[in-house]
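Letter 498 of the sequence shown, counting from 1, is numbered 498 in full-length UniProt numbering, and no numbers are missing. Even for Gly, the Cβ is constructed at its ideal location relative to N, Cα and C. Notes for the one structure printed next.
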Amino acid sequence: MYECMDLIWNCNLYLVGVLQQKKRGKGDGKNKENIIEVVDDCKDEEPSPEPPAPVEKKNVCYDIRESDVMGRYLVANRDIRAGEVIVEEPAIAVGPCTGCGLICLGCYRELDETSLAKCKGCKWPMCSSSCPGSGKYTGHSTYECETLKGIPPDYSKLEDLKDSYQALMPLRCLLLKTEDPAKWAALSAMEAHNEMRRARGDIWPVNEKNVVQRMRKWKLQYDDEEIHTVCGILEVNAFEVGGSGANARALYDRAYLLAHDCTPSTTHTDAERAAARPLTIRASVPHKAGDLISLCYAYTLQGTLKRREHIKHSKFFDCCCKRCSDPTELGTFASAFRCPRCAGRVLPAAPLQPLELWRCIDNACEYTMTAPSVQLLLKRLTDEFEQIDANDVRGYEGFLHKYRNVIHPSHYLCLSAKHSLSQLYGKVHDYMIHEMPEAELNRKIDICRDLMKAFDVIEPGYSRLRGVTLYELHAPLMILTTRDFEKKAITKDNLRTRLKEIVRYLTESALILGFEPPQSSEGLMASAARDALKKIKTWEQIIGKIS
């Protein structure tokens, strides 16, 4: 069966689509990751020689506005097409994320503590003597190396060495003051929210201990307030960059001006192999002149409570966007519980007031939940969800079944479980796509369609989530179609109809994921989608023109 089917639709093309969900965006929106990676030795990378040229002023499609509430932000100054580049720019600075482990200072790869290489100059950890990030300002620069020569790492105290990484990105920013004044000026124009951070009582002392005091210990001559300001600039404005479980963060001159919205109008990618680590921001939906250009600082597959909590903690403002203001989250019910009394939907009475009651909105039911009860239940559910192994199909399915009468089917924890399942079905042991029975194939189809309904609202247009899910959706449809064809259980007209649907999904997926760097997991999916489209074209010899 497999060999015959492979002549019609190549399963290996589907499996090339690497299963890897990235964490992107301003901030640290956490989500469970499913990873089946293509191993890529950074020593073989060929960085492009030049960063992208700045967009000429006459071609800029946005204006910078300013308000007391939003600060500076971008609006479209003309109509912008979905998929059109809005901003493309090199990084000002790149460095390790807070909380990363032992990583290479040049390329940010995680290192094996027992067999790491050392920089020939400063002796700090590197992946190899030929790391492509060595000598580059986006990696381990020559001036950083000179500075760190006076601060030799103590490999007998690995935990302290790992902690010292928290000071490296602030140090790289501070070094720009003398090494690249233009970049320093651009960085200094960014908001640090020092007073709010100082008043909070948690972030300031942590930075004092992990960054300021460490720089004093290193005998670096920087003013304490200046160090705290750089820490604030990074906390407020840095983007996580790189692949899944990113170990790096970066600052960009214009990208930080995009306003936040929990239903973003853009998507962004960084080219980690390219010189200067450029970031590209594209419109995911069409914009009219005057429209706000936005991205989401939180993880879109979280509920309002979690998103607002993250944004308040990390970006120092209360989000009051349309999605956060609507108890139904724009009709997705992404935070809804099941009513234990009538099986209706329990929603926050006032989502912008986190201490208000939650109420059942169905069947004239008067059931309520207190905010502390909701928080406690969410914590219990989240803790259990996060204990599921990232490749455990039965674990995710078990979670969905166990809590089917507790949370709404489109609750964000259900969406997260389904998002994982959409990529696990077809790609992990016991669930390989060509071995799956009809019931499991249909389950994958149903899961993908459920996700698409939510993504159409919370990440509309050409979003990465949509592109990956469309790619996942085509595979079970194609398997079922080929099986029916081999059994002669499908008419020529029905075959053509099914293939048109599959071609539509693959075409859009290839378009969306084609915006990603070619060697990223999504870029590989785009290539696989294009190859699958070519393969499907051979069916036209049997049934006539498909599209």
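Go through its chain and collect everything with a Cβ distance to Arg323's Cβ below 6 Å, but skip five positions before and after it.
Cys262, Thr263, Glu329 and Leu330
Once you ignore the five residues that flank Val212 on each side, which residues in its own chain have a CB closer than 7 Å to its CB?
Asp224, Ile227 and His228
Please look up how many angstroms separate the CB atoms of Leu13 and Ala532, rounded, as I've assumed it's under 8 Å.
5 Å
Is the beta carbon of Gly139 closer than 9 Å to that of residue 549?
There is no way to answer for residue 549, as the model of the chain reaches only from 1 to 547.
Backbone CA spacing between Lys379 and Leu305 [nearest angstrom]
12 Å
Three-way DSSP call (helix, strand, coil) for Ile80 in this model:
strand
Could you compute how far the alpha carbon of Asp202 sits from the alpha carbon of Asp318?
18 Å
Nearest candidate by alpha-carbon position, reference Val406, set Asn391, Ile388, Ser294 and Met369:
Met369
Residue nearest to Lys157 in terms of C-alpha spacing, selected from Leu174, Glu113 and Ile293:
Glu113
Measuring straight from C-alpha to C-alpha, what distance separates Leu421 and Ser265?
26 Å
If the criterion is Cβ atoms closer than 9 Å, does the pair Leu111 and Gly101 meet it?
yes
Output the distance between the C-alpha atoms of Leu279 and Gly83, rounded to the nearest integer angstrom.
If you take the alpha carbons of Leu279 and Gly83, they lie about 15 Å apart.
For Gly232, the first and last residue of its enclosing alpha helix (DSSP H):
If you look at Gly232, you'll find it in the alpha helix (DSSP H) that goes Asp224 to Asn237.
Taking 6 Å as the limit between beta carbons, can you name the residues of its chain near Gly95, skipping five residues before and five after?
Leu168, Met169 and Arg172
Under 6 Å Cβ to Cβ from Arg359, same chain only, skipping five residues before and after it: list those, please.
Ala349 and Thr368
Let me know the secondary structure DSSP gives Arg404 once reduced to three states.
coil
Given Leu400, which residues of its chain have a CB within under 7 Å of its CB, disregarding the five upstream and five downstream residues?
Cys414 and Ala417
For Phe515, the residue or residues it bridges with in DSSP
Per DSSP, none; premise fails for Phe515.
Can you pull the DSSP bridge partners for Lys118?
Beta-bridge pairing links Lys118 to Pro125.
Have a look at Tyr252 and Asn237 and give me their C-alpha separation to the nearest angstrom.
8 Å
Across the region 444 to 457 and the region 268 to 279, are there enough close Cβ pairs to call them in contact, namely three or more that are closer than 8 Å?
no
Continuous beta strand (DSSP E) stretch holding Arg65: start and end:
Tyr62 to Ser67
Counting pairs of Cβ atoms below 8 Å between the region 450 to 462 and the region 435 to 442, do you hit three or more?
no
Nearest candidate by alpha-carbon position, reference Gly121, set Ser141, Ser521, Gly398 and Tyr155:
Ser141
Let's test the definition: count the other Cβ atoms within 10 Å of the Cβ of Ala510 and tell me whether it reaches 16, buried, or not, exposed.
With a threshold of 16 other beta carbon atoms within 10 Å, Ala510 meets it and is buried.
Which residues DSSP lists as bridging Cys360, in chain order
Val346
Measuring alpha carbon to alpha carbon, tell me which residue in Gly467, Asp291, Asn494 and Cys320 is nearest Arg65.
Asp291
In its own chain, which residues sit with a C-beta less than 8 Å from the C-beta of Trp539, not counting the 5 before and 5 after it?
Closer than 8 Å at the Cβ level, and outside the excluded window around Trp539, lie Ile8, Leu495, Leu499 and Ile546.
Relative to the alpha-carbon of Gly71, which residue among Ala371, Phe515, Ile536 and Phe316 has its alpha-carbon at the smallest distance?
Phe316
Just to confirm my understanding: we take Leu357, look at its own chain, exclude 5 residues before and 5 after, and list those with CB closer than 6 Å. What are they?
Ala349 and Thr368
Among residues of its own chain, excluding the 5 on either side of Lys32, which ones have a beta-carbon nearer than 7 Å to its beta-carbon?
Below a pLDDT of 50, predicted positions are generally treated as unreliable, and Lys32, at 29, falls in that range; the measurement from the model is reported next regardless. Closer than 7 Å at the Cβ level, and outside the excluded window around Lys32, lie Glu386, Ala390, Ser416 and Ser420.
Would the beta-carbon of Ala489 fall within 9 Å of that of Ala276?
no
With H, G and I counted as helix, E and B as strand and the rest as coil, what does DSSP make of Glu191?
coil
Please confirm whether Leu220 and Thr147 have their CB atoms less than 9 Å apart.
yes
Three-state secondary structure (DSSP) of Leu506
helix
Just to confirm my understanding: we take Gly514, look at its own chain, exclude 5 residues before and 5 after, and list those with CB closer than 7 Å. What are they?
Ala526
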